[in-house]
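Numbering-wise (numbering that gives the first Met the number 0), the sequence shown opens with residue 0 and increments by one.
Think of the CB as a built atom: it goes at the ideal place given N, C-alpha and C, for glycine as much as any other residue.
The next block holds one structure in the form of structure tokens; read it before the comments.
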Amino acid sequence: MITREYRFPLNSSTVPAGEPVLTVSDVGLRFGGVQALDGVGLTVRQGQIHAVIGPNGAGKSSLLNCVSGLYRPQRGTIRLSRADAAVDLVGRRPHEIARLGLARSFQNIELFKHLTVLENLMLGRHHRMSHALLPALVWFGPARRQEIEHRAMVEEAIDLLELQVVRHQPVGALSYGYAKRVELGRALCMQPAVLLLDEPMAGMNAEEKESLARYVLDVNELAGVSVVLIEHDMDVVMDISHAVTVLDFGRLIAEGPPAQVRSDPAVINAYLGEAAR
Ligand SMILES: Nc1ncnc2c1ncn2[C@@H]1O[C@H](COP(=O)(O)OP(=O)(O)OP(=O)(O)O)[C@@H](O)[C@H]1O
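The structure is reproduced here in structure tokens:
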């Protein structure tokens, strides 16, 4: 439900709600003798939170690394859809894929600790800054206009994620929960078409998890950003995702709505165990 009109769209996808925005087909990735991904496919639909779950070593991070260009799969296709056409991502470099609208956060916090929250968020805009250093330094014309626009976008993210009170604090001085929220904010400032979150709640206590899950929901529902979420906490997955893909030993073993996946015998055997029955 949209409850607030965003002046600056933080979501850059042009695909209608419910249509495929990211399509992974038959992806294979091998490291020496390890088949990390074996014929994996998934379709992320515009406006959805799509969770990827599975035991340790199942291939979840490898899949995200293929999508964001850090790994190059030996087989398969990965396509980002736009309203007018689809773009092939395999073979493109990570910065090019980021520029196309795939923003990601990592398992470990990758922020600049000595810089403030605001400065870290401005760095999220970096890949969209096209003006050379000189006009930026003399501060006039298009460079200034662009700077104002970037600032406005960052303010939108601060507003959405309720980061006002810490905006001038160095990230190194923040609690873990706040730092993870800033990381989410930096990815959001990239104006993603799809946001890739790799275990954003790892290492958090229940309260911090609940809080971050709410912000991920806000990013999805208020800003309209599609999300791919790797998450181990099944309560979080059940609470906030629309679709779930389950991997085991590099293979897709189930996919569908969360309730259906949770009661799937193959998923219970491979991942959830008896407790889920
Ligand atoms: N750069 C790499 N070099 C060699 N092997 C790798 C590399 N990256 C991943 N692997 C292997 O690929 C398989 C899948 O790993 P991956 O990290 O994708 O799993 P995961 O599901 O994300 O696990 P976790 O939940 O522990 O993060 C594992 O066997 C892992 O050891």
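query	result
Residue from K59, M237, S174 with nearest C-alpha to L36	K59
Check whether A269 and P15 have beta carbons under 8 Å apart	no
Inter-residue spacing [alpha-carbon to alpha-carbon] between E198 and D87	26 Å
Distance, V33 Cα to V266 Cα	22 Å
Where V34 falls: helix, strand or coil (DSSP)	For clarity, residue 34 is Gln in the given sequence; the question names Val instead. Q34 falls in the strand class under three-state DSSP.
M152 vs R124 beta-carbon contact at 8 Å	yes
For A85, the first and last residue of its enclosing beta strand (DSSP E)	85 to 87
Cβ shell of R180 (< 7 Å), same chain only, five flanking positions each side left out	L160, L162, L211, Y214
Rounded Cβ spacing between L221 and S240 (contact assumed at less than 8 Å)	17 Å between Cβ atoms; not a contact.
Classification of N119 by the beta-carbon crowding that lies within 10 angstroms, buried from 16 upward	buried
Boundaries (first-last residue) of the alpha helix (DSSP H) holding I96	93 to 99
Beta-carbon proximity check, P191 vs G100, cutoff 8 Å	yes
From P93, V164, V224, M233, residue whose alpha carbon lies closest to that of A201	M233
Cβ-heavy atom distance, S61 to ligand 1, below 7 Å	yes
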